[in-house]
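Participant: Here it is: the structure, laid out below.
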Amino acid sequence: MRSSLLSTLTSFRFLLILFAASCIIFTVFLTHTLTPLYLRRESVDCFEHARLKAESELGPTTAPNARNLIVVAGHAIWTGGSQQGNADSEWILRPFQKGQQSTFVAHIERGIEELVKDQNSLLVFSGGQTSSLAGPVSESQSYYNLAQSRGLLSSKTEELSLRITTEEFARDSYENILFSICRFHEFTGQYPSNITVISHNFKRGRFTRLHRAALRIPEANFNFVGIDPPGEISKEGELNSAVVPFSADPYGCFDQALVTKRVERNPFRRRTPYFESCPELNGLLNYCDAEGRFFEGTLPWDSKELHEVNDTY
Ligand SMILES: *[C@@H]1O[C@H](CO)[C@@H](O)[C@H](O)[C@H]1NC(C)=O
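Going by my numbering, 144 is the number at position 129 of the sequence shown; the sequence numbering is gapless.
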């Protein structure tokens with residue numbers, strides 16, 4: 016009688032332990048397997064929701080007919096002044112840029128000329144807050160201010176500023192193109208069908224061969240306008256500081272010199288909004304291949320019917 020009671024108690028204790036162990040295993044299973052799945056879903060939905068909400072809060076674009084993107088790539092920051100950009104002292108310049116200010120002005124003038132010529136274009140001044148000496152002022156904003164200050168934006172036939180915007184994050188020539196495409200999409204709701212870049216002529220090779228190819232933009236849809244600064248141009252400098260590293264690392268994502276340059280040109284730790292505003296380009300924005308192979312995912316401009324495909328808002 017006693018022993019059978021004992022064995023009942025023992026087997027009861029055994030069952031209890033078994034039950035407790037199952038509970039623990041089940042809880043661990045729940046937290047490690049199901050919850051993360053649920054959370055991950057939740058965060059994707061949350062991100063998508065935030066994106067759609069942001070889009071729904073945007074009014075209509077002021078450039079509904081824009082098909083062609085014109086990019087003026089920034090090189091320096093104009094800090095203002097009565098000389099309207101003509102004096103060195105009004106610019107934050109790197110040592111080798113002394114005397115180049117008239118060329119920056121020429122780039123701006125040419126950008127506006129292209130804009131006036133083409134009713135279906137959007138002009139994007141591109142360049143971030145690249146210098147701690149200038150404070151939180153972007154190259155692109157300063158170019159726009161300079162254009163304004165020089166009276167370049169008054170046109171008899173239309174309000175040009177409705178078709179001009181700034182791209183506030185680019186830190187190098189590759190980002191000038193990619194981020195301006197993103198900005199175009201943010202601004203118009205579409206991807207451009209044709210891109211014109213205005214920069215120094217000695218950078219033509221890196222823009223038209225390296226960056227254009229890395230972004231898989233067809234040659235026929237890419238134009239380059241080159242205006243060089245006065246004086247001797249160091250072909251070797253361009254070769255060593257840009258062509259060689261960008262050839263090995265087309266997206267500028269692992270080469271030490273290119274990566275360091277991006278860090279140095281972002282003293283205020285800005286981050287782009289483009290993951291949210293250009294969801295179709297997330298793969299490309301995140302892409303980095305240690306062997307320097309080209310991105311192979313789909314791109315909005317793979318399709319010929321860019322506008323029809325992307326007219327979502
Ligand atoms: C591409 O854009 C430029 C600048 O806006 C324009 O002059 C040119 O005609 C456009 N080319 C095509 C094929 O649309």
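Cβ coordinates follow ideal geometry from the N, Cα and C atoms, glycine included.
Give me the residue from Thr203, Phe261, Leu148 and Pro151 with the minimum Cα distance to Gly74.
Facilitator: Thr203
Participant: Which of the three DSSP states, helix, strand or coil, is assigned to Thr76?
Facilitator: coil
Participant: Tell me which residue opens and which closes the alpha helix (DSSP H) that Ser195 is part of.
Facilitator: Ser188 to Thr203
Participant: Go to Glu182, then tell me how far its beta strand (DSSP E) extends in each direction, as first and last residue.
Facilitator: Ile179 to Glu182
Participant: Less than 9 Å between the beta carbons of Leu167 and Ile127, yes or no?
Facilitator: yes
Participant: Would you kindly work out how many angstroms separate the C-alpha atoms of Val259 and Tyr159, rounded to a whole number?
Facilitator: Going from the Cα of Val259 to the Cα of Tyr159 covers about 32 Å.
Participant: Could you spell out where the alpha helix (DSSP H) holding Thr118 opens and where it closes?
Facilitator: Segment Gln116 to Lys132, the alpha helix (DSSP H) holding Thr118.
Participant: Just curious, the alpha helix (DSSP H) that Leu299 is in, first and last residue?
Facilitator: Taken as a continuous stretch (DSSP letters only), the alpha helix (DSSP H) holding Leu299 covers Asn297 to Asn301.
Participant: Tell me whether Ser136 sits in a helix, a strand or coil according to DSSP, three-state version.
Facilitator: strand
Participant: Take the Cβ of Gly312 as the centre, count every other Cβ of all protein chains shown within 10 Å, and call the residue buried at 16 or more, exposed below.
Facilitator: exposed
Participant: Could you check if Ser26 is buried or exposed, using at least 16 other CB atoms within 10 Å of its CB as the buried criterion?
Facilitator: Burial call: exposed.
Participant: In whole angstroms, what is the alpha-carbon distance linking Pro207 and Ile39?
Facilitator: 56 Å
Participant: In three-state terms, what does DSSP make of Ser164?
Facilitator: helix
Participant: Apply the 10 Å Cβ neighbour rule to Phe283 and answer buried if 16 or more other Cβ atoms are within range, or exposed otherwise.
Facilitator: exposed
Participant: For Phe111 and Asn80, what's the separation of their Cα atoms in angstroms?
Facilitator: Rounded to the nearest angstrom, the two C-alpha atoms are 40 Å apart.
Participant: Does Ser26 come out as helix, strand or coil in the three-state DSSP assignment?
Facilitator: helix
Participant: The beta strand (DSSP E) spanning Phe239 covers which residue range?
Facilitator: Phe237 to Gly241
Participant: Keeping to the same chain, check which residues put their C-beta closer than 7 Å to that of Phe34; ignore five residues upstream and five downstream.
Facilitator: Result list for Phe34: empty, nothing under 7 Å.
Participant: So is the beta-carbon of Asp264 under 8 Å away from any non-hydrogen atom of ligand 1?
Facilitator: no
Participant: Anyone know if the C-beta pair for Arg227 and Ile179 falls short of 9 Å?
Facilitator: no
Participant: What three-state label does DSSP hand Ser214 in the structure shown?
Facilitator: strand
Participant: What's the C-alpha gap between Glu72 and Arg66?
Facilitator: 10 Å
Participant: If Ile210 sits next to Leu84, beta carbons under 8 Å apart, how far is it from one beta carbon to the other, in whole angstroms?
Facilitator: That pair is a contact at about 5 Å.
Participant: Looking at ligand 1, does it come within less than 8 Å of Thr211, judged from the CB to the closest heavy atom?
Facilitator: yes
Participant: Do Tyr266 and Cys303 come within 9 Å of each other at the CB atom, strictly closer than that value?
Facilitator: yes
Participant: Output the distance between the C-alpha atoms of His322 and Ile196, rounded to the nearest integer angstrom.
Facilitator: Note that His322 scores a pLDDT of 42, beneath 50, so its modelled location is shaky and nothing firm can be said.
Participant: According to DSSP, is Ile107 part of a helix, a strand, or is it coil?
Facilitator: strand
Participant: Provide the residue span of the beta strand (DSSP E) that contains Leu225, from first to last.
Facilitator: No beta strand (DSSP E) contains Leu225, which DSSP labels as neither H nor E.
Participant: What does the alpha-carbon distance come out to for the pair Ala229 and Phe309?
Facilitator: 6 Å
Participant: Given this structure, state the Cα-to-Cα distance separating Asn297 from Thr172, to the nearest angstrom.
Facilitator: The alpha-carbon atoms of Asn297 and Thr172 are separated by roughly 38 Å.
Participant: To the nearest whole angstrom, what separates the beta carbons of His122 and Ile242, a pair I think is in contact under 8 Å?
Facilitator: 6 Å
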